[in-house]
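Below is one structure, written out as C-alpha cells; comments come after it.
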Amino acid sequence: MELLGTYNYWVYVVIMMIGFYAVIARHNLVKKVIGLGIFQTGIFLLYISMGVVRGGSAPVRGPGTPPDTLFANPLPHVLILTAIVVSLSTMAVALAIIVNIQRRYGTIEADEIHRMDREEAEAPAPSPVSAGAEEVAG
Amino acid sequence: MELTLPTIALLTPLFGAILIALTGRRPDLREGVTLLTAVGLFLIIASMWGPVAGGERPSAHLVELMGPGLTLALEVEPLGLIYALVASFLWIFNSVYSIGYMRTLYGARSEGQTRYYICFAAAIFAALGIAFSANLLTLFLFYEVLTFSTYPLVTHARNEAAFRSGRIYLGILVSTSTLFLLTATIWTWVLTGTLDFTEGGILAGKASAGTMVALTCLFFFGTGKTALMPFHLWLPNAMVAPTPVSALLHAVAVVKAGVFTVLKIAVAILGLETMRQTGAGDVVAWFAAFTIIVASLLAMSQDNLKARLAYSTIGQLSYIVLAAAIATKSSITGGAMHIAMHAFGKITLFFCAGAIYATAHKTKISELGGIGRRMPITMLCFLVGALSTIGLPPFGGAWSKWFLVQGTIEAHDIVFLVVLLVSSLLNIAYLLPIPLVAFFGREPQAAADGEEHPPAEHGEAPLLCRIPIIVTAIGCLLLFFWPRFLHDLAALAAN
Amino acid sequence: MSFADHLPLLVLLVPLLGGVLSVFTGGGRVPWLWACSVTLLTFLGALELFSIVTTAGTRTYALGDWPAPWGIELVVDTLSAIVITLVSGIATVVTFFARRNVEKDIPADRLNFFYSLWLLAITGLLGITATGDAFNLYVLLEISSLTIYALVAMGKETDRRALPAAINYLVMGSIGASFLLIGVGYLYMATGTLNMADLHETLTLMREAEGGFNRTVLTSFAFITVGLGLKMALFPLHTWMPNAYTYAPAAVSALLAATATKVGIYMAFRFTFTVFGSDFGFLQPPNSTVLMACACGAVLFGSYVAIRQRSLARLLAYSSVAQIGYIVLGLSVLQTDAVTGSILHIVNHALMKGGLFLVVGVVAWRLGSSDLSALGGLGRRMPLTSAAFVVGGLGLIGVPGTAGFVSKWYLLSGLLSSGHWPLAVTVLIGSVLAGIYVWRVVEIIYFRPPDPRHAEVSEGPVTMLLPVWILIGLSLWFGVHSAGPVALAGEAARTLLGQGG
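Chains A, B and C, in that order, are what the protein sequence lines are. For the first sequence, our numbering begins at 24 and goes up steadily by one. For the second sequence, our numbering begins at 121 and goes up steadily by one. For the third sequence, our numbering begins at 4 and goes up steadily by one.
Given below as C-alpha cells:
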C-alpha cells in the first residue's frame with residue numbers, strides 16, 4: 024500500500040492521538056472530555072473512510088434514484104451514526120458529572136481535586152467528643 | 121449420604137456441638153452433654169473394632185463434591201481406627217479434666233466456656249473425618265476444618281499473646297497445607313486420575329523417581345500438623361492456650377492428625393514398595409532425624425514446663441514421620457502404635473502440668489522442687505508418663521519404640537537407628553529430672569515470683585483433674601501388658 | 004414461533020422497557036417495587052432459557068427476522084446461558100436488597116431515575132451476553148457503561164469523592180470501549196462481516212488461504228484485548244475500579260462487583276474463543292506470556308495491596324482485581340480444566356463477592372462507614388452479618404467446602420497438568436495472601452473492642468440479611484454440591500476450546 028493512498032488512516036491516527044493527548048495531559052476536566060470527543064471522532068473517520076467506494080455516491084436512496092447507482096458502503100455509516108449517539112451520550116453524562124464536581128469541589132481541575140481529596144483523607148476526622156475544640160484542616 | 125456406622129460416628133460429635141450450643145446457659149447440663157457424647161462416640165467406634173480387625177471395611181459415601189472421583193467418602197480401616205479410638209477415648213477424659221481445670225481456675229460460668237466445648241466437639245468431628253477418610257480430598261477437607269475449629273481454642277484467652285499465637289498457628293498450618301499439601305493432592309490427581317486410598321499406593325508406574333521424591337516432600341512438609349522442622353513453630357507458640365487445649369493439640373487430635381496423615385499417605389497413596397524403590401522418603405527422613413535431635417536438645421533448655429513438653433512432642437512426632445519416610449512394615453507398625461502410646465504418655469504429662477498450674481500456680485520447672493511431696497499422685501503419674509515417653513518398660517512406649525527400631529534395621533539405616541537411640545538418652549535427660557526434683561528436691565523459698573498463693577499452702581490436684589491423670593497413666597501401663605490388639609491393628613495397617 | 008423462542012430477546016427487552024417505564028413510577032416505594040418485579044421476571048425468563056439451552060443446545064434469534072449474517076443475531080450457548088442466569092439472578096437479589104441503602108443515598112424524588120438507570124444497566128449487561136454480533140456488543144456495552152458511570156456518580160450524596168471516581172471511570176471506560184470499536188472496525192475491514200459466527204468462519208478461511216496472520220486482524224486482536232482488559236479491570240488496567248467500588252452507593256458496588264466485571268470477562272472469552280478461535284495462534288507465546296504476566300500481576304498485586312487497605316470496600320475491590328487475575332490465568336493457558344475452573348470462578352466469585360459487598364452494604368447502612376476502624380467488635384452486635392463475612396472470606400481463600408475451592412481446584416489441575424508450575428505457585432501464593440487480608444478483617448470484627456461512636460448498633464434488618472445469606476448460602480451450596488456446575492462448566496469449556504477452527 025502506498026503512503027499517499029492510505030492517507031485516510033494517517034489522518035485518523037493523528038486525530039485520535041491529539042484527542043488522546045488531551046485526555047491524558049490536560050488537567051481541566053472539560054478539556055479531557057473534549058479530548059475524548061476528538062479521540063472518538065478519529066475513530067468515526069476510520070469507519071467512514073473504510074467504506075468509501077471509488078466513484079460511489081453518498082449511500083442515501085431516494086424515490087428518484089436510478090436503480091444501478093453505485094453507492095459507498097452504507098454499513099459503516101450506520102454503525103457510525105450509532106457510535107456518534109454513544110459519544111454524544113457519553114459527553115452528556117460526563118458534563119453532568121463535571122457540573123456536580125464544580126458544585127461540590129469548586130474547581131474542575133483534576134490535580135486540584137486530587138489534592139483536595141488527599142488532604143481530606145490525611146486530616147483527622149473530628150470526633151464528636153472534641154467537636155468544636157479542634158479545627159479540621161483541609 | 122449413606123447412614124452407615126461410620127457416618128453416624130462422624131456426625132455424633134457434630135450433634136453434640138449443636139446440643140452444647142443449645143445448653144450453653146446451664147453449665148452442668150452442657151458438660152453432661154459433652155461427656156455423654158464422648159462416651160457414646162467411643163462406644164460406637166469401639167464397636168467397629170471387631171469387624172475391622174477381621175478384615176471388613178465399613179464405608180459410607182457422603183456427597184459427590186466436584187465430579188466422579190472427587191467425592192467425600194468414608195472408609196474405616198485399621199490405621200484410621202487406631203487414631204479414632206485414641207481420639208474418642210481421650211476426649212472423654214480430656215473433657216472430665218477440662219471441667220475440673222476450667223472450673224477451678226475460672227468458675228463454671230466464665231466467659232467463652234460454651235464456645236470452648238463447642239469447638240472441642242467440632243475438632244473431634246474433624247479428627248474423625250480425617251481418620252475415616254476414604255480419599256485424599258475428604259482428608260484434606262477435614263484437615264482444614266480441624267485447623268479452623270481449633271483456632272478459637274488456641275486463642276481462648278483473647279489477649280494479645282493469644283492472638284499472636286493464633287496468627288502463627290493459622291499462618292503456618294494454612295500456608296503449608298495450601299502451598300504444599302494441596303499442590304501434592306492436585307498433582308497426584310493429575311498423574312493418576314484418582315485420589316482413593318488404595319493398599320500399595322496409587323503412584324506405582326505413574327510417577328518417575330524424581331516426581332516421587334518431590335511428591336513425598338510436598339506431602340510431608342504440607343502436613344504442618346506434624347511439626348516437622350522448619351514448620352514447627354506453631355506448636356510451642358500454641359502453649360498460651362489453656363492446658364486441656366494443649367492436651368487436645370498434642371495428644372488427642374491435632375498432631376495425631378498430622379502424623380496419621382503422613383502414615384496414611386505413605387501406605388495408601390505413595391505406596392511403601394514404591395517409596396523404598398525410589399528412595400522417595402530420604403529427604404524427609406533426614407529432616408525428621410534432624411528434628412528429633414534438635415527438638416530434644418531444645419527441650420533440655422526449656423525451663424517452662426509446657427514448653428519443654430512441647431518440644432518433646434515435636435521430637436516424638438518426628439519418630440513417626442521418620443517411620444513413615446523409611447516406609448518399612450515394622451516402621452509403619454511402630455509408627456501406628458506410637459500414635460496411641462505417645463498420646464497416652466503425653467496427655468498424662470500435660471494433665472499433670474495443668475494440675476500443677478491450677479493448684480500451685482507454678483509454670484517453671486525450677487520452681488517444682490519438692491512439689492511431689494504435696495502432690496504425690498500427680499507426680500507419680502507424671503513419672504509414669506515420662507517413662508512411657510522415654511520408651512522404657514513396663515510402659516507402652518517401649519513397644520512402639522521397639523518396632524520403630526526394627527524398622528530402621530529393616531531399612532538398613534544405621535544412622536537413623538543411632539538417632540533413635542541417642543534421642544532416647546536425650547529424652548531421659550530432659551524428662552526424668554522433673555519427677556526427681558519434684559520428689560527429692562527442696563522447696564523453693566518464699567514467693568520470688570510474686571505468686572498469689574504462698575508456696576507452702578496447697579494440696580493435691582482437684583478430683584476431676586486427678587481422675588483423668590490416673591486413668592491415662594494406668595493406660596500407659598496396660599498398653600505394655602496388652603499391646604496385642606493395638607499391634608494387630610497396626611500390623612494390618614502396614615500391610 | 005412459540006414464546007420460548009423469543010426468550011433470547013425477552014431477556015433483554017423486559018429490563019429495557021422496565022427501565023424506560025421506571026421514569027414514570029413516581030416516588031416512594033413504587034420505583035423499587037417496579038424494579039424488583041422487572042428483575043424477577045427477567046430472572047424467571049433466564050431460568051427458562053437456561054433449561055432450554057442446557058437440554059436442547061444453542062438457541063439463536065434473528066432480530067427483525069433479518070437472517071444472519073446480514074441481520075443482527077442473538078446467540079445463547081451454554082456459556083451465555085450460565086452468565087445470563089447469573090447476572091439476572093444476582094440483579095434480582097441485589098435489587099431486593101437495595102431499597103434501604105438506596106433510600107439513604109439517593110433523594111426521594113430521584114428514585115425513579117435511579118432505578119431507571121439501574122434497570123438499563125442490567126439490560127446492557129444481559130444484552131452483551133446474549134448478542135452474536137460484534138458491533139451490537141459495543142452498543143450494549145456502552146449502554147451498560149454509561150448507566151453505570153451515572154450510577155457510580157450517584158454516590159455523591161454520601162461522599163463527594165464518588166464524582167471524581169465516576170469521571171475517571173468514564174474517561175478510562177470510554178477509551179476502552181473505543182479501543183474495542185477500533186478493533187471491531189479493523190475486523191470488519193478485513194472480513195466484511197460483523198456476525199460473530201461468520202467472522203470466525205471467514206477468519207479461519209483467511210488464515211488457511213494466506214498461511215498466516217493478516218496484520219489487520221492482528222491489530223484488531225490487540226485493540227480488542229486492551230479494550231476488554233480495561234473493562235474487566237485486568238491489571239494493570241484496573242486503576243478505575245477501587246475508587247469506583249468504594250465511593251459508589253453500596254448497592255451499586257454490590258451489583259457491579261458481581262456482574263459488570265464478569266460480563267467483561269465473558270466478552271474476553273467470546274472474542275478469544277468464538278471469534279478468533281483458540282488455535283488461532285494468538286494465545287501462543289509470546290502473546291500468551293503477556294496475558295499470563297498481567298494475570299499473575301493481578302493476583303499478586305491485588306492480594307498484596309488488599310492487605311494494606313483501611314476501608315473494607317476498597318479491600319474487597321483489590322481482592323476482586325486478584326480474583327479476576329485467576330480467571331484470566333485459566334483463560335490464558337487454553338487447557339480444558341483450567342478454562343473450566345475459570346468459568347466456575349466467574350459464577351463462584353460473583354456469588355461470593357456479591358455477598359461480601361452486600362455485607363458492606365449492611366454495615367454501611369448501620370454504621371455509616373465501611374472503614375475497618377469502625378468495625379471493631381461487630382461480631383457480637385451483628386452476628387449474622389459477621390458470620391456471612393467469614394464464610395465469604397473463607398471462599399476467597401479457597402477453603403474446601405466453599406465454592407471458591409472448587410474453581411481453584413480445577414484451575415490448579417489445569418495449570419499443573421499443562422506444566423505451568425510458576426502460574427500454579429502464583430495462584431497458591433494468592434490464596435495465602437487472601438488468607439492474610441481476610442483474617443485481618445475477621446480479627447477486627449471479632450476480637451477488637453468496639454468503636455465508641457458505633458456502640459449502639461444492632462443487627463441489620465431481615466430484608467437485608469436475607470439477600471446476603473442467599474448469595475453466601477449459594478456459595479456454600481455450590482461448594483458441596485458442585486458436580487452439576489462442574490459438568491456444565493466443563494461442557495462450556497470444551498465447546499469454547501473446540502471452536503478453534
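The beta-carbon is built from N, C-alpha and C at its ideal position, and this holds for glycine as well.
DSSP state of residue i mapped onto helix, strand, coil
i	result
A:V76	coil
C:M235	coil
B:H573	With a pLDDT of only 45 at B:H573, under the threshold of 50, the placement of this residue in the model should not be trusted, and no figure is reported.
B:P188	coil
A:N31	helix
C:A7	helix
A:E142	helix
B:P555	helix
A:P86	coil
A:M40	helix
B:P126	helix
B:T398	helix
B:N665	Residue 665 of chain B lies beyond the range of chain B shown here (121 to 615); nothing can be said about it.
B:S482	Residue identity differs from the one stated: residue 482 of chain B is Lys in this sequence, not Ser. The answer is coil: DSSP assigns B:K482 none of H, G, I, E or B.
For residue i: DSSP bridge partner residues
i	result
A:R126	None; A:R126 has no bridge partner.
C:L2	Past the edges of chain C, shown from 4 to 504, lies residue 2 of chain C, and the structure says nothing about it.
B:E195	B:S179
C:D374	C:S314
B:D316	B:N255
A:F94	A:S80
C:P403	C:T405
Chain-ordered chain A contacts of residue i [CB-CB under 7 Å]
i	result
C:K159	N123 and R127
C:S181	F62, Q63 and I66
C:F138	L102
8 Å Cβ cut-off: residues of chain C touching residue i
i	result
B:L259	In chain order: nothing, as chain C lies at least about 10 Å away.
A:I136	P167
Among the options, nearest to residue i - alpha-carbon criterion
i	options	result
B:L335	B:T305, B:L355, B:A277 and B:P356	B:T305
C:E76	C:L315, C:L12 and C:S306	C:L12
B:A282	B:E122, B:A242, B:M332 and B:A361	B:A361
B:F340	B:W354, B:L390, B:L315 and B:E319	B:L390
C:V3	C:K159, C:G487 and C:L469	In the structure as shown, chain C starts at 4 and stops at 504, and residue 3 of chain C therefore has no counterpart that could be examined.
C:W472	C:V394, C:S461 and C:G422	C:V394
C:P403	B:L139, B:M222 and B:A246	B:A246
B:G325	B:A473, B:M395, B:A371 and B:T381	B:M395
Amino acids of chain A, ordered along the chain, whose beta-carbon sits closer than 8 Å to that of residue i
i	result
C:E76	Simply none; closest approach about 15 Å.
C:V278	Neighbours of C:V278 on chain A: none; closest Cβ ~17 Å, over 8 Å.
Beta-carbon neighbours of residue i, restricted to chain C and to distances below 7 Å
i	result
B:I306	W412, L415, S416 and L419
A:V116	L149, Y152, A153 and L173
B:W309	S416
Chain A contact residues for residue i, given Cβ-Cβ distances below 9 Å
i	result
C:I125	Those do not exist, as C:I125 stays about 18 Å from chain A at its closest Cβ, beyond 9 Å.
Within chain B, the residues that residue i reaches when beta carbons sit closer than 7 Å
i	result
C:S485	L185 and M186
Chain C contact residues for residue i, given Cβ-Cβ distances below 9 Å
i	result
B:T303	L415, L419, A427, V428 and L431
B:L131	Here the premise fails: no neighbours, minimum Cβ distance about 15 Å.
B:L299	V428, L431, I432, S434 and V435
Residues of the segment 50-66 of chain A with a CB closer than 7 Å to any CB of chain C: list them in chain order, please. L52, K55, L59, F62, Q63 and I66
If contact means a Cβ-Cβ distance below 7 Å, which residues of the segment 181-193 of chain B contact chain C? V183, E184, L185, M186 and G187
Near-chain C residues of the segment 263-295 of chain B (beta-carbon distance less than 7 Å), N- to C-terminal order: E264, R278, F283, L290, V294 and S295
When Cβ atoms are compared, which residues of the segment 86-117 of chain A fall closer than 7 Å to chain C? L102, T105, A106, V109, S112, T113, V116 and A117
Residues of the segment 86-114 of chain C whose Cβ lies closer than 9 Å to any Cβ of chain A, in chain order: none
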